[in-house]
Structures are given as C-alpha cells and as structure tokens.
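In UniProt numbering, the protein residues as written are 1 to 857. Glycine included, every Cβ here is placed at the ideal spot set by N, Cα and C. These numbers come from a predicted model, not from an experiment. Report on the structure given below.
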RNA sequence: GGGCAGCUAGCUCAGCUGGUUAGAGCGUUUGCUUUACACGCAAAAGGCCAUAGGUUCGAUCCCUAUGCUGCCCACCA
C-alpha cells in the first residue's frame with residue numbers, strides 16, 4: 001500500500017490532529033475498547049477488570065498558571081499511567097480542580113484588591129466561582145496541549161455539588177464515629193486571613209530581631225547568701241544597686257505580651273534563682289503580680305535563665321506550660337489587636353504595640369539591654385503573616401490519639417522513592433495538635449450543622465439531603481430534641497480545603513460507581529452516568545478487585561505529604577479502616593536554570609504554552625524524564641531541544657524504514673535471520689526487559705535512557721547502516737528478512753517510546769503499523785514483550801562484538817584520514833581475526849573491497 | 001538540635017549489592033553530504049569519583065568521622 005510521508009514532521013499541526021483524534025475516539029476513557037489481538041491475549045493483557053486508577057492531584061486553580069514544575073510532575077505520573085495502559089490495565093485517570101478554600105480566596109482578594117470585611121459573602125463567593133471556572137479552563141487547555149491522557153469525561157472541582165456532598169458526608173460520619181470535636185481553646189490564628197489554622201498550614205520564617213532584657217521587681221527581699229542576678233552572660237551590662245537586691249531580669253523577643261504574663265519560670269537546678277521560690281514578681285508597666293515557678297524544661301543558658309510565660313505567646317506556652325489553664329482570655333483579638341487585657345494598650349495592632357510598650361519600658365528604666373538575634377517563627381503559609389494564638393471554639397478531627405495507627409498506615413504504602421516515607425514519619429511523629437478543620441472564611445464547603453439557639457445542641461443535616469448550606473436551608477428538625485426550642489442558628493464557618501481534598505479517592509470512585517461505596521449516600525440523578533457495571537462493588541463485598549476504591553496510585557509532590565497525603569490516609573482510616581491507595585509516587589520540584597525553586601513571585605519561569613509552541617509537547621515531556629523520581633529538575637532548554645531532536649530522529653528513521661516497508665507483508669515466522677538481524681533483535685529483547693523493569697519501578701528516567709541508547713546507538717547508527725546493502729541489493733530473500741526485522745524493531749521502538757512521546761509515536765503508528773495491528777491507537781496497543789528466540793548465546797555476541805570492533809576500526813581509519821564514510825577502500829588491514837562468515841558482511845557495510853588480516857594468509 | 005537526600009568530566013546527570021582502560025547527553029575540538037536525518041554521522045580532548053581514616057588481596061561503591069549543598073522537622077521563653 002502507498003505510504004504518504006511528508007518530508008518534515010510538522011509537530012504543531014500533527015500534535016493538534018492527534019489531540020482531536022484521541023478525544024474523538026475516546027482513547028483514554030475508562031473501559032475503552034481494547035485490543036483483542038493475539039499478543040494481548042497471550043500476555044493476559046486484555047482484561048478490563050484489571051483496573052489501574054489514579055488519584056490525580058487537583059491543582060489549585062488559583063495558581064492562575066502552570067509552570068515547568070507542574071509539567072514535570074504531571075508528565076512523570078503520566079509516563080507511568082500510559083505504560084500501565086499499554087500493559088493492558090483498564091486505566092481510570094480522572095482530573096480534578098481544587099478551587100475552594102483559602103488559596104482561591106487569597107487569589108481573588110489580590111486580583112480584585114478585596115477586603116474581606118467590605119464585601120458581602122455572596123458577592124465574594126460569586127467572584128471566587130468565576131475565577132475558579134476561568135482557572136479550570138486554562139488548566140484543561142494546557143493539560144490537553146501536553147497530551148496528558150486523562151479521561152475528560154471524569155472531572156470534579158472541589159467546590160462542586162458532588163464534592164460537597166462527600167465532604168459533608170465525611171464530616172457527619174466522623175462526627176458519628178466520635179472522631180470530631182467542637183472544642184474551645186487556644187489555637188493557631190492568622191490575624192490577616194482572620195481564621196483558625198491547622199499545624200500543617202504553617203511554615204517557618206526567620207528574621208532579625210531583638211532579645212529584650214527587661215527588669216521585674218521581686219515582691220519580697222532576696223535571699224542574702226546568693227549572688228545577685230544580672231543580665232545573663234554580659235557581665236559588663238550596667239546593673240543598678242536596686243537590681244542586685246530585689247530585681248530580676250528576663251529576656252524576651254515579645255515584650256508586647258507582658259500584659260498576658262502569668263508566671264516566671266526558672267530551672268530548679270539553677271542556684272541563681274533558688275531564693276525566688278515561693279515569691280512573686282511584679283510585671284513592669286502592667287503591674288500584675290505573677291508567681292515564680294520551677295521547671296526542668298527551662299534552659300538555664302538561654303537569656304538570663306529566667307523566662308516569662310504568657311498566654312499564649314507560642315505553642316510552648318500552651319503545651320509545655322499549660323498556660324491555657326492559668327488564664328482564660330486572649331491578649332489578642334481576631335484581628336491581631338490587643339484586647340482589654342492590655343489595659344491602655346487595648347486596640348493597638350500587635351506590631352505597633354511592641355514598639356509602644358518597648359518605648360514605655362525604656363522610659364521607665366525597665367529595658368536595660370537589647371541583643372540582636374535571628375529568630376524563627378511560624379507564619380501562615382498562604383500570606384506569610386505571623387501566626388498568633390487566640391482562644392476560640394473550633395472543630396477538630398482528632399489525630400493525636402491515633403498517631404501509632406496512622407504511622408502504621410503510612411508504612412503499608414508502597415513509596416516511590418522509598419525515602420519519602422521518612423517525611424511522613426517525621427510529620428506524624430512530631431504532630432502536636434489535632435486537625436483544626438473549621439475556617440472563619442466564606443468560600444468553602446459549609447459544615448452540615450445547625451445549633452439550637454437556646455441550648456446549643458448540635459443538629460446534623462440529614463445525609464439524604466447533602467449537600468446542604470445551613471445558611472440557606474432549614475435544619476431537618478422543627479424542634480430541638482433536647483430543649484424543644486424552635487430556633488436554630490447555622491454554623492457559619494466553612495471547612496478547611498484539605499477536609500475536602502483528603503476525600504479525593506472517594507470523590508473519584510464515586511464519579512464511577514452508581515452503587516456508592518458510601519452506601520448511605522444515594523447518588524443524585526445525573527451525576528453518575530455511563531459506567532460499566534463491572535466497576536461497581538456489591539453489597540456483600542463493596543470493595544472487590546473490580547471496584548475502583550481503593551485507588552491504585554497517588555502521584556503527588558513532596559511538600560504536601562504532610563497535608564494531602566497525610567489527611568487522605570487519616571480519612572480513609574477513620575471511615576473505612578483501610579488504605580485509600582496502595583502506591584504513592586512523589587515527585588520533586590521544577591527549578592529554574594539557576595537551580596532556584598520556580599515561583600510566581602520570582603517570575604523565573606517560561607510559560608509552558610510557549611515552550612510547546614516552539615518545540616512541541618513531546619519535546620517538553622522529554623525534558624520531564626531528565627530527573628529521577630523525587631529529584632528536583634532544573635529547567636533546561638537544551639534538554640527540551642534534545643527532546644525535539646529525538647522526535648525528528650524518530651520521524652527520519654521511520655521515514656527510511658517505511659519506504660522500505662511499502663508493499664511488504666510482515667511474516668512473523670520468517671526464518672534465515674542474518675547475524676546483524678539476530679544481533680539487533682537480541683538487543684531489542686534486552687532493552688524491552690530493562691525498560692519494562694524500570695517502568696515497573698516507576699523509574700521512567702532509566703527507562704528512557706535504555707530506550708534512547710538502543711534507538712540511537714544500536715538501531716540508527718548501526719543496524720540501519722548494516723542492512724542498507726541488503727535493502728538496496730538483489731537478494732530478495734535477504735531483503736525480506738531485513739524488512740521483517742525492521743518491521744519488528746521499529747514497531748517495538750515506537751511502543752517503548754509511546755508513554756514518553758505520545759504524539760510522534762502515534763503519528764508513525766497510524767501511518768503504517770495500524771494496518772497490521774488493528775488497534776485504533778498505539779496507546780491501546782500491547783506493551784512490547786521480548787521473544788525468547790531473540791536471545792543469543794555469549795559466543796555469538798562475542799564474535800559479533802569482534803566484528804563490530806573491526807567496523808569501528810575501519811570507520812576510525814576513514815575519520816582520521818579525513819575520508820568520507822562512503823569512500824570505497826580497496827583493502828583494509830585488520831589486526832584481530834573475525835569469523836570467516838562475517839567478512840563479507842563487514843566488507844559490504846564498510847565498503848572495503850578486501851579485508852586482510854595481518855599475519856594471516 | 002534531629003533527620004533525609006546529594007557531593008562523579010566545563011555543565012546536567014547515570015553508574016558501582018567491591019574486581020581489568022569510570023559512562024551518557026550538552027558544551028569544546030577535528031573530520032565527513034555514508035541513496036532517513038548536518039536537529040545527522042565518525043572521532044578527540046576532558047575525572048586523585050568532596051576530605052580523612054577503617055574493613056579488604058582489592059574501595060568511586062561497604063563502615064566511621066569531617067566538610068560543604070539542598071530539603072524536612074523541632075527549638076528559638
């Protein structure tokens with residue numbers, strides 16, 4: 001049959017063509033029509049019941065753009081998914097968009113310069129929804145450009161009805177199981193976003209500041225036999241006579257908290273302070289009297305060895321010093337201003353209060369020294385505002401009592417790469433707070449609860465009615481079951497965005513299962529559609545191998561191990577007492593060319609759309625194979641060019657092959673392989689075995705290396721040159737054997753490259769091989785399998801290597817003598833002997849009329 | 001302070017469960033239109049495999065320290 005081959009490969013138009021083709025033919029949909037060719041059957045690869053499902057990370061649409069970092073991690077996961085699809089798995093690859101919660105609110109606030117207090121809740125939500133939709137469109141477009149093989153009929157957004165229903169169900173289920181609590185106490189608070197935070201929402205920030213040495217009066221006279229207390233290590237600091245007698249000095253970075261000081265602590269082994277036992281101190285400026293207390297936890301070498309404990313300056317105060325039991329009120333209000341507890345300083349924002357109070361301390365002679373220090377504190381990761389503590393009532397999912405079990409759950413996962421498990425262990429081991437899931441924000445999933453206006457009894461929504469918005473809807477009861485009151489107030493808080501995204505394994509399973517794995521939630525009409533019944537569980541065994549839950553693979557970035565991954569394990573453990581998935585692949589960061597993390601703030605990235613426009617999607621995907629899983633990858637235009645070159649090389653090599661395969665009918669059982677054929681097939685077999693092993697281990701980078709090595713070195717540089725004289729020669733039999741081998745090798749090369757370079761491989765496959773394989777896309781074709789007969793003996797390989805060596809020497813001779821490789825030589829004198837049957841082959845390949853062996857007649 | 005990862009050619013990285021001359025790509029240099037490809041081909045130069053000890057017949061690889069680099073976690077009164 002005639003093969004129409006353009007001179008050059010126009011990636012722009014061809015890639016677009018295949019995008020349309022894949023969509024039109026539904027290639028990537030769950031339950032696609034699979035190849036029933038003999039090879040699939042032989043490999044047991046046509047089993048639609050073998051599901052490989054992927055809990056694709058839903059990017060925050062508020063990121064407003066995707067950069068090379070996203071491209072890298074999504075491509076890397078996709079290499080594995082495409083490999084699995086070719087292995088015959090029924091692949092379920094949905095896509096989500098994370099669009100609720102603080103990230104989106106922050107984005108909208110910044111874009112529209114909005115102050116949360118000056119806009120109505122509904123107006124604000126409207127803007128969020130609008131931006132959410134725009135973001136999702138842009139993302140979908142880029143994933144499509146990149147050739148990500150997701151099933152676009154299976155998408156979700158974390159704010160949609162489907163996700164809200166599951167998220168609210170989760171809350172109610174955990175409430176009924178006793179895993180959630182409504183609890184009052186000091187909690188991390190962001191004064192800027194004005195909401196409670198969880199431990200996982202914080203990050204470190206280091207800044208230069210001052211350690212302030214402040215004097216307190218001791219209420220009673222000191223013990224006369226002890227040395228005077230003075231300002232720490234700096235013995236040259238001026239110490240007044242008064243200080244020596246009835247003054248103590250403390251060092252603090254947070255003088256603004258003096259008003260909330262509840263005690264002064266020293267180490268019981270610190271003899272300097274023994275005389276203070278049972279005495280009291282008077283706090284300067286604020287004048288309240290506080291007790292001296294002793295604790296081993298005080299480091300006698302820090303500052304003056306005497307510390308001030310406040311309500312609630314930091315986590316230590318609460319956990320170690322139990323200050324929440326010493327005081328009941330916050331020094332700070334929800335906006336980060338001092339409360340009436342601060343007396344005349346009430347209403348000052350915290351930063352300003354520090355300056356004013358320091359000034360007052362100074363003028364009263366209380367501030368005796370300031371020592372510059374670098375100190376690290378926790379800030380809200382979304383806005384970099386220092387986190388404070390205030391006492392409020394929040395909803396918590398209990399974690400601390402289940403640490404051991406949660407560690408065990410994490411250990412059961414298959415981690416790729418393995419060492420990433422350490423990050424999980426560290427986080428869970430060091431957890432100090434339960435998970436605060438309530439946020440005092442607007443754009444999120446509402447809690448499905450009301451409170452009795454009179455007795456505060458909690459009224460849960462009826463599961464059948466989910467999702468509900470208690471602000472808009474009435475509770476399911478007319479009277480409070482406890483006090484018979486008929487008035488209710490809705491919960492106005494929304495849930496932490498992770499409370500929803502931690503449910504993604506359920507969310508995506510539920511997109512497919514008319515028989516819900518959460519049997520109590522009836523599917524609403526129209527949400528579930530077209531799905532094969534084999535995917536459903538049944539009542540007796542809701543989670544069989546045929547079901548989608550648990551999911552097979554969770555691909556994600558390492559920085560959200562402590563959030564997305566951890567919280568997902570938590571939810572699955574509490575709801576179902578099982579793992580949400582079995583495999584985890586953790587990707588690294590994309591870095592800029594200088595090795596810095598790519599970030600919006602630095603603007604150090606090139607738009608992926610631009611790269612794809614310039615070099616093609618295949619080329620950009622190729623770049624993503626440059627780092628091993630979990631490693632960071634620098635943006636490197638050279639590597640993208642290399643990808644582009646590979647695509648061109650595949651096109652050119654294929655062009656050559658196809659001209660010789662025209663009008664050729666492959667015959668698998670062709671015999672009389674010549675040595676070059678056997679040699680190439682042997683290496684093809686080795687390459688398939690290695691590449692398969694690497695893909696199984698999620699080592700797409702190593703897979704690419706062995707495939708590229710075979711394709712460039714063995715196939716193009718050698719094999720194609722080795723058979724040219726046969727393809728152009730008169731020996732019809734020899735020509736056909738070469739053609740048959742060419743057919744086999746090229747097809748397998750395309751298949752091997754297909755997960756990484758889906759466009760060019762599809763192009764060549766459709767041009768020619770589809771006529772023989774019949775599968776409608778290479779991406780549904782079977783993964784290559786080495787034939788046993790391809791393996792060659794050591795003896796053969798040694799002899800052939802010797803022959804190759806001779807060919808190399810002849811090429812080298814021509815090169816050093818500035819001769820073209822096509823130049824015909826009358827004779828060449830070789831030093832090492834090769835088997836006689838290869839001499840003719842060498843002479844033809846190298847265009848030497850006569851090979852003479854030195855010293856051999 | 002605890003932990004994880006890394007330190008190999010000018011650059012980006014493979015490799016080694018210990019064994020002759022340590023690899024690739026890019027870059028550099030020199031040739032060459034081999035009836036697919038100059039986005040190519042054939043070559044060349046370039047490495048005390050971070051440092052110091054140890055185990056061993058033998059260490060880039062294993063062990064112990066040390067030093068840098070990046071990250072995670074904690075502390076920071």
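If you ignore the 5 residues before and after residue 777, its C-beta comes within less than 6 Å of the C-beta of 27, all in its own chain and listed in chain order.
The segment 691-698 makes no contact with the segment 797-809, as fewer than three CB pairs between them are under 8 Å.
Around the beta carbon of residue 504, 16 or more other beta carbons lie within 10 angstroms, which makes this residue buried. Residue environment for residue 781: buried (at least 16 other C-beta atoms within 10 angstroms of its C-beta).
Assigned with DSSP and collapsed to three states, residue 636 falls in coil, not helix or strand. Proximity to residue 509 across 57, 154, 307 peaks at 154, based on C-alpha coordinates. Taking 8 Å as the cut-off, the beta carbon of residue 394 is found no closer than this to the beta carbon of residue 363. Scanning its chain for C-beta atoms nearer than 6 Å, with the 5 sequence neighbours on each side dropped, one finds around residue 639 the residues 623, 626, in chain order.
Looking at the DSSP output, residue 187 shares a beta bridge with 390.
Taking all protein chains in view, the Cβ of residue 76 is crowded by 16 or more other Cβ atoms within 10 Å, so the residue is classified as buried.
Around residue 353, the same chain offers 256, 338, 345 as residues with beta carbons nearer than 6 Å, after the five sequence neighbours per side are excluded.
The C-alpha of residue 466 is placed about 15 Å away from the C-alpha of residue 158.
Secondary structure of residue 587 (DSSP, three-state): strand. Following the DSSP letters along the chain, one finds residue 178 in no alpha helix (DSSP H), marked with neither H nor E. A distance below 8 Å separates the beta carbons of residue 598 and residue 69. Contact annotation: the segment 801-811 does not touch the segment 105-120, with fewer than three C-beta pairs closer than 8 Å. Contact between residue 491 and residue 435 is absent: CB atoms are separated by about 17 Å, not below the 8 Å threshold. The C-beta separation of residue 30 from residue 92 comes to about 5 Å, placing the pair in contact by the 8 Å criterion. Across the structure, residue 150 and residue 118 are spaced so that their CA atoms are roughly 41 Å apart.
Per DSSP, residue 552 lies in no alpha helix (DSSP H); the unbroken beta strand (DSSP E) holding it starts and ends at 551-557. Shown here, residue 136 sits in a helix according to DSSP, grouped into three states. Scanning its chain for C-beta atoms nearer than 7 Å, with the 5 sequence neighbours on each side dropped, one finds around residue 283 the residues 216, 258, 261, 290, in chain order.
Proximity of the segment 163-181 to the segment 495-504 meets the contact definition, three or more beta-carbon pairs being nearer than 8 Å.
Within the same chain, Cβ atoms closer than 8 Å to the Cβ of residue 379 are found at 202, 203, 204, 205, 385, 386, 387, the five residues on either side in sequence being excluded. Annotation for residue 146: 617 place their beta carbon closer than 6 Å to its own, counting only its chain and skipping 5 residues before and after.
Counting only the Cα atoms, residue 266 lies some 6 Å from residue 295. For residue 831, the CB contacts under 7 Å within the same chain, skipping 5 residues up- and downstream, are 854 in chain order. Taking C-beta separations shorter than 6 Å and ignoring five residues to either side along the sequence, the partners of residue 366 in its chain run 214, 215, 284, following chain order. As the crow flies, the alpha-carbon of residue 699 is around 11 Å from that of residue 706. Of the other Cβ atoms in all chains shown, fewer than 16 fall within 10 Å of the Cβ of residue 631; this residue is therefore exposed. Under the 8 Å Cβ criterion, the segment 661-680 counts as touching the segment 735-752, having at least three qualifying pairs. At the C-beta level, residue 253 and residue 375 come within 8 Å of one another. In this model, residue 651 and residue 804 are separated by some 26 Å (Cα to Cα). Boundaries of the alpha helix (DSSP H) harbouring residue 103: 102-112, taken from the DSSP string. Ranked by Cα distance from residue 59, the first of 401, 557, 271, 360 is 557. Here the segment 469-486 does not lie against the segment 174-190, with fewer than 3 beta-carbon pairs under 8 Å apart.
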